[in-house]
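Numbering (our numbering), first residue to last: 4 to 373. Backbone N, C-alpha and C fix where the C-beta goes; we use that ideal spot for every residue, glycine too. Here the structure is a predicted model, which means the values were calculated and not measured.
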């Protein structure tokens, strides 16, 4: 087996928890055991053995930067630097200075030293361009030149310097749609889109929620030196039924809140929304998903909240709930299945479990992180 492949195997064994218990998992592990996360591991492993550019796509909070860092860590460049550039956080003028070298002739008089740009700092390593879809076209042209020629010309400097970097880009935009609208250069798109990795949203790997929650609770319990009880199974079931518009970042904040505040009731109390407010956050709004799809999701989310509230009010007596909702019993059973509520509840079992339920309504267990 090749050396690089051995390194990747060891890292993946560690991240899967095969080499030490889950409480010792590193912060930066892509944790889970769902088919979706296994697919990501396999794609990262294959990409790590090459030098080709990688484009990581996905919603906010899905772990795009995490995947980029693991890709670097598993690659032959692991001994050299991994440098991140946040494209939307820097203005046009200063982004160019950030990316390329410059000297004091290009700066105000108070600038006293020459500084290497990120491209030169990442020489022999990896340059991670986060939210590359936010670059304007003049900077897209400069980036394209650097990727084609592997040379950079710093601001205020006539000479060019060869560079040896691997480019990993990430975006939450649909770059193909941006190309079609003329907002993103097609030649740059083809240059960075050699290997594409699509990070799944948490709602598409919902079986990983208990694993992730357990990991983050252990992590922050140790970090904050706070002892806390494990989550009840009923509370965990509620977390698994939530759609997680803020993805893993939202779940991590929920875990922090649980550790700091010391109980499930505090999470629920902090997450209650005023009656009649829309149950989804702005992070659930996609710039690329068709309106009909987003509308259907939002409608199902609202219906779920209403049905769950009525069922709880009637102690999970579905016939009484159907009468309260003025729909047939069969229609209620269909709706329960459609919105993902438990379908196996009986009146007796529901009665015995009613006191163990964390909330009357299926409210989001935490405020999404923007």
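Exposure label - residue 34; buried when at least 16 CB within 10 Å:
Numbered from its first residue, the chain shown carries residue 34 at position 31. Within 10 angstroms of the beta-carbon of residue 34 lie 16 or more other beta-carbons, which makes it buried.
Considering just the uninterrupted stretch of the beta strand (DSSP E) at residue 170, what are its terminal residues?
Indexing the chain shown from 1 puts residue 170 at position 167. Annotation for residue 170: the continuous beta strand (DSSP E) segment containing it runs 169 to 174.
Using the C-alpha atoms, what's the distance from residue 226 back to residue 250?
Position 247 of the chain shown, counted from the start, is the residue given in the question as residue 250. Position 223 of the chain shown, counted from the start, is the residue given in the question as residue 226. About 22 Å.
Which one of 258, 343 and 47 has the shortest CA to CA distance from residue 70?
Within the chain shown, numbered from 1, the residue matching residue 70 stands at position 67. Nearest Cα to residue 70 within the set 258, 343 and 47: 47.
How far does the alpha helix (DSSP H) with residue 327 in it extend, from its first residue to its last?
Here residue 327 refers to the residue found at position 324 when the chain shown is read from its first residue. Start and end: 321 to 328.
Tell me where the beta strand (DSSP E) around residue 133 begins and ends.
Walking along the chain shown from the start, residue 133 turns up at place 130. Here the beta strand (DSSP E) through residue 133 covers 129 to 133.
With H, G and I counted as helix, E and B as strand and the rest as coil, what does DSSP make of residue 202?
Here residue 202 is taken as the residue at index 199 of the chain shown, counted from 1. Annotated three-state conformation of residue 202 is coil, per DSSP.
Less than 8 Å between the beta carbons of residue 241 and residue 213, yes or no?
On the chain shown, residue 241 is found 238 positions in, with the first residue counted as 1. On the chain shown, residue 213 is found 210 positions in, with the first residue counted as 1. Contact annotation: residue 241 and residue 213 have beta-carbon atoms that are not nearer than 8 Å.
Ends of the beta strand (DSSP E) at residue 87?
Numbered from its first residue, the chain shown carries residue 87 at position 84. Start and end: 85 to 89.
With a Cβ-Cβ cutoff of 8 Å, do residue 67 and residue 216 count as a contact?
Here residue 67 is taken as the residue at index 64 of the chain shown, counted from 1. Here residue 216 is taken as the residue at index 213 of the chain shown, counted from 1. No.
Going residue by residue through the region 217 to 275, where are the continuous alpha helix (DSSP H) segments of at least 4 residues, counting only ones entirely within it?
Complete alpha helix (DSSP H) runs here, min 4: 236 to 244, 250 to 264 and 267 to 274.
Any idea which residues DSSP pairs residue 57 with across the strands?
The residue labelled residue 57 in the question sits at position 54 within the chain shown. According to DSSP, residue 57 bridges with 171 and 198.
With a cut-off of 8 Å on the beta carbons, I'd call residue 219 and residue 254 a contact; round off their distance for me.
Translated into the one-based positions of the chain shown, residue 219 becomes position 216. Translated into the one-based positions of the chain shown, residue 254 becomes position 251. For a cut-off of 8 Å, the C-beta gap from residue 219 to residue 254 is around 7 Å, short enough to register as a contact.
DSSP three-state call for residue 64: helix, strand or coil?
Here the question's residue 64 lines up with position 61 in the chain shown. Correct three-state label for residue 64: coil.
Take every Cβ of the region 128 to 147, pair it with every Cβ of the region 74 to 88, and state whether three or more of those distances are shorter than 8 Å.
Under the three-pair Cβ rule at 8 Å, the region 128 to 147 counts as touching the region 74 to 88.
Buried or exposed (CB count within 10 angstroms, at least 16 for buried), residue 205:
On the chain shown, residue 205 is found 202 positions in, with the first residue counted as 1. Here residue 205 is buried, its C-beta having at least 16 other C-beta atoms within 10 Å.
According to the Cβ coordinates, are residue 189 and residue 129 closer than 8 Å?
Taking the chain shown and counting its residues from 1, the one referred to as residue 189 is at position 186. Taking the chain shown and counting its residues from 1, the one referred to as residue 129 is at position 126. Result no, Cβ atoms of residue 189 and residue 129 do not sit closer than 8 Å.
Hey, could you find the ends of the alpha helix (DSSP H) residue 296 is sitting in?
Taking the chain shown and counting its residues from 1, one reaches residue 296 at position 293. Residue range 294 to 316 is occupied by the alpha helix (DSSP H) that includes residue 296.
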